[in-house]
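Peer 1:
Chains as they are written, first to last, in my numbering: chain A, 1117 to 1242; chain B, -19 to 338; chain C, -1 to 834.
1. Helix, strand or coil for residue 1136 of chain A? Go by DSSP, reduced to three states.
2. Going by C-alpha distance, which of C:322, C:265 and C:155 is nearest residue 112 of chain B?
3. Please name the residue or residues paired with residue 194 of chain B in a DSSP beta bridge.
4. Which of helix, strand or coil does DSSP assign to residue 1218 of chain A?
5. For the segment 206 to 278 of chain B, which segments carrying the beta strand (DSSP E) assignment without a break, of at least 3 residues, lie completely within its bounds, in sequence order?
6. Helix, strand or coil: how does DSSP classify residue 578 of chain C here?
7. Kindly say whether residue 1232 of chain A, judged by its beta-carbon, lies nearer than 7 Å to any beta-carbon of chain B.
8. I'd like to know whether the C-beta of residue 1214 of chain A is nearer than 7 Å to at least one C-beta of chain B.
9. Return yes when the Cβ of residue 750 of chain C is within less than 7 Å of the Cβ of residue 759 of chain C, no when it is not.
10. With respect to the beta strand (DSSP E) encompassing residue 332 of chain B, which residues constitute its N-terminal and C-terminal limits?
11. Would you call the segment 167 to 184 of chain C and the segment 87 to 95 of chain C touching, i.e. three or more CB-CB distances under 8 Å?
12. Am I right that residue 290 of chain B and residue 331 of chain B are in contact with their C-beta atoms under 8 Å? What's the rounded C-beta distance?
13. Should residue 9 of chain C and residue 550 of chain C be called a contact, given that it needs their Cβ atoms to be closer than 7 Å?
14. Residues in the segment 1186 to 1201 of chain A with C-beta within 8 Å of chain C's C-beta atoms, listed in sequence order?
15. Could you confirm whether any beta carbon from chain C is found closer than 7 Å to the beta carbon of residue 334 of chain B?
16. For chain A, find out if any of its Cβ atoms is closer than 7 Å to the Cβ of residue 231 of chain B; answer yes or no.
17. Tell me residue 155 of chain B's beta-bridge partners as DSSP assigns them.
18. Can you give me the C-alpha to C-alpha distance between residue 222 of chain B and residue 80 of chain C, rounded to a whole angstrom?
19. Once you ignore the five residues that flank residue 479 of chain C on each side, which residues in its own chain have a CB closer than 6 Å to its CB?
20. Suppose the cutoff is 7 Å on Cβ atoms and the five residues either side in sequence are ignored; what does the same chain contact list for residue 427 of chain C look like?
21. Between the segment 252 to 268 of chain C and the segment 694 to 707 of chain C, do at least 3 Cβ pairs fall closer than 8 Å?
22. Are residue 516 of chain C and residue 523 of chain C close, meaning C-beta to C-beta below 7 Å?
23. Could you tell me the distance, in whole angstroms, from the CA atom of residue 1233 of chain A to the CA atom of residue 59 of chain C?
24. Alpha carbon to alpha carbon, how far is residue 825 of chain C from residue 832 of chain C? Give it in angstroms, no decimals.
25. Using the C-alpha atoms, what's the distance from residue 1153 of chain A back to residue 837 of chain C?
26. Threshold first: 4 residues or longer. Then list the alpha helix (DSSP H) segments lying entirely within the segment 23 to 66 of chain C, N to C.
27. Measure the beta-carbon distance from residue 211 of chain B to residue 389 of chain C and round it to whole angstroms, keeping in mind my assumption that it falls under 8 Å.
28. Which residues does DSSP list as the beta-bridge partners of residue 164 of chain C?
29. How about residue 295 of chain C: is its C-beta nearer than 7 Å to some C-beta of chain A?
30. Leaving out five residues before and five after residue 1140 of chain A in sequence, what residues of the same chain have Cβ atoms less than 6 Å from its Cβ?
31. Between the Cα of residue 39 of chain C and the Cα atoms of C:300, C:62, C:100 and C:374, which residue gives the shortest distance?
32. Under the three-state reduction of DSSP, which class applies to residue 261 of chain C: helix, strand or coil?
33. Would you say residue 134 of chain B and residue 259 of chain B are within 7 Å of each other, going by their C-beta atoms?
34. Secondary structure at residue 564 of chain C, three-state DSSP: helix, strand or coil?
35. Okay, do the segment 551 to 570 of chain C and the segment 312 to 322 of chain C touch, 3+ Cβ pairs below 8 Å being the bar?
36. Can you give me the start and stop residues for the alpha helix (DSSP H) that residue 764 of chain C sits inside?
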């Protein structure tokens, strides 16, 4: 028995990457907003916050990579080329794998985009 | 025909004539080569496209210059991308000989739709995010003690210069004067609705929100007179809410500041008597006078300002009189009551007196 | 031979039966039609008329701005005109037109007779039409909203600054938002569950993919605005100070809630238009789309990213730079999926042979315009540049380039493309070309100069400007362009309206498209004559004889039974047939409930409390009758032979049923609105050192009691469902009956906290937000009681039994959501002040 079944029979796996992006984005935004609003009460520095958000970024990227690997596997490691439009369950699965892989790629890029501010913005200034 | 429509037709004709003649004369800055002036309307577009006392394309401050550079970079890149995409599209629509193999077309999606934008956008994002703390440095928060307080009210600006270097604080309205080359920090607030503080020639805008205080630091680099509109819709006369910014040499600024601090110099004048009698000082103030209200714009040295009614009218005695007679017809929604029951002579006297306060 | 003849005769009889069952009523009863194809036409026409109305407003605005110091419009009338222009274009045109196109096209495109909830569509349409007329009509009484389409408080909340127009905006549009969510439910469930057998998700038309994503976006984007509307109206009506800074409120909360809605809204508008292009381009490139999966990536990616952009409308509000930068980053990232879509079209054209028809011309013009809007979008998404450009005519130019290039031109392409489905004839090629060039040139003449006007310092929403600043010529050019553009639009209208009955009818599928919507015939109401088995993404290209087989009734459901309208329900991934669904037929209940609900909103606007209550009762009654007579009906037979040797159940319950999905989707939206209210609670916590302002809270005791009682009622409901499923009828009835007083007690306990601690909602925002969250939960509790009583009545009436338990299972789903809501709301209200 596998931990994750080889072929996942649900629509929802498609959204894994974007959901990770959304959680990462929400974490960054909420953490920074609350920290900057309550900066006077915060027991740690803004740099500590940035570092932990970097850590969260790494976790998010790893999660997306994991999703990408699973979808790559579902896509048969690229053994068949798109368009995957045959009226078979097999092609439907390949399509799901490929679309999920593409979405993981986009989510990966988007997470990197969102982490750019962590690099340049060093204080809670307005 | 209703008068409004007649007025519109007249304006249309006048406006058309005026615009064309002005463009021909190259009135706005006039720095374009002579030959361009005859290439209407493109010339006109280019001419009016840059200069002006209220233009972000004619930067006179540190922030506006940095943003202008960013803008130029983006325009060049944008034009190139637009031409590229359009050319590709036209080619795709018109090609007749051979169709691309699907795999090749598919690869184009990856390169053109993903790889290229990712690289360009990431570079651009890095540039802009790096720029943010550069143009709006975070140490501005620490130095807010000397901030010029600006409060937006429907539809004018209350301006309070802080007491610094032994100079007492003073209040004025609808005109800000700044010494050139020095960072000026503004503390921005509003009493009624949201307004927005924007001096296009010096830098970007910052909203003035009731219950919040925002700060903005701008560094003017050239002397001059600039116009600054309210940039957040704030009600009926949003269009008539602007202020002037006068950037001066340091010495001139000190002279102006001393003159402001010394306040109102009363002269035995019919206009002054009338102002007292009609209760102007119930709402307005003239610095140094014992009585004076705080609900309306300060009038100290109003004659030296570059406009009246918060950027609504040119500062002339006739315009002041017009405003006193019926503020609402000049500026819809203004809170000042009309004084059209007074004889014209009295209004003129007060207007002349105010216009002389320099 | 005799056999063939007899089967043909059977087919004719079946066809007559079908036609009769699906026919629209005639005479004045025509307006009680509920057929989606019909409703789609009404919806589209109404939205188009609203667009023309808003366009006229825009022309008035442009006339006023043609020359400096103009007095064509008064300041107040100008403010009403631009507010209504924005509002109508966004809420009454851009979103509804795609809902219209969707419900018009989807049934035949998916190979379905009908979407699952035609009555809901009718209800949505009537809500939309009434709300729209109410909002638009206000300007004729000089009572239109005049605070901008974004309605920022305090300008729009404080009665000193804004009149009844603000209430009309809030209540009129809340009503329309209800219609949008109704459409979202219809579209999502329709696409997931009503596709023709064999139309697996890798074979769905791209239009359906886009609409599925857009439906999901509506579900998460509109509720925050509804939550904002509630806070807003509570402030205007009862002086609860949510946005009043003097009493702890904050105008920025509205901006957050509005733009959490407002930015996804842009993509809710844009994606369906691109979806039309995704149908048009393959047809004229004469080949399947290249990059089907890429389009799915783009649609899903845009759907998600669009929720991370809202603060870029607030770059100048003084939020911390790091927050601005996060949103800059996401706003740049969203350009990637947008670029992908453009390149998918280009790649498809490169790989095919393009017939450059009128729809393609509109598409190309739209693309040229949209790319400029996209590029300026990349610019304004960068905070430093936006600090200059924000709230100037640069943004006016940007947004019109995006919306007109990305939405209006593709929609017009869609109209020229799909018009033969409405009237069996094409629109005029010659008129269309003239209209296109007028619009294309006029648009650019009008809007391109605005980039300069804005950067030269002209703010938005000014009713006039002084002569000496140097905007005169630019504005005059814009006005001239606007009129050229309007001439083009007028030509399109003339082309659509001119009588065409003398022209010969065109052939079916005149463009030789490959997708299934082209099998539908304008004069037939049944979506498809028989429901085909799909084996390709472009079945009309790849499945020879398909049209003939469909129209001869050789596929599923060629006949009708019991005089009912029927369609197939299939599984989500592989579209295996699972149920024969009987959908609602013609009914006046939809109009009554929509009009009476409209009455509630309109009466509220004018504070006619008695009428509000009366209309509310009528609405509730109409909806209950509608549910009782039109849903979860126990069929005479359990199964139905749908042809080709397949027999399907007529009744299913739980996740297999469309009703359960509708409840789930509705509750997802409802949960989003609740989350938005909770966001407000924590927002106030972040902006104040002590957000309670030293005022008493609800205490921990009563909220905990409330949670406990809700849990008890929930357990009773679980027991009821379980007992019912095991045919222990009396046990089920007793549990249902028992849960009613427990729920009532839970509601009372929920209100006891704030009430007994004398929390005054008008004093400060803290008591106000506690009250509003408590009331939200309690109101849901009261609705739950109605549902419990409804199920109880159903049990006694014999329409809720062990095997026919759809109602109870849907109510149970509602209860799961209610339980989560109650736990979060009372848990936070009771405990957060203690632990913070």
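Ideal Cβ positions, reconstructed from N, Cα and C, are used throughout, including at glycine.
Peer 2: According to the structure shown:
1. helix
2. C:322
3. B:168
4. helix
5. 222 to 228
6. strand
7. yes
8. no
9. no
10. Looking at the DSSP string, residue 332 of chain B is not in any beta strand (DSSP E); the run it does join, the alpha helix (DSSP H), is 324 to 335.
11. yes
12. Rounded, the Cβ-Cβ distance is 17 Å, inconsistent with contact.
13. yes
14. 1198, 1199, 1200 and 1201
15. no
16. no
17. B:224
18. 21 Å
19. 440, 443 and 444
20. 356
21. no
22. no
23. 40 Å
24. 11 Å
25. Residue numbering for chain C in the displayed model covers -1 to 834; residue 837 of chain C lies beyond these limits and cannot be assessed.
26. 34 to 63
27. 5 Å
28. According to DSSP, which records beta bridges pairwise, residue 164 of chain C is partnered with nothing at all.
29. yes
30. 1176 and 1227
31. C:100
32. helix
33. no
34. strand
35. no
36. 763 to 795
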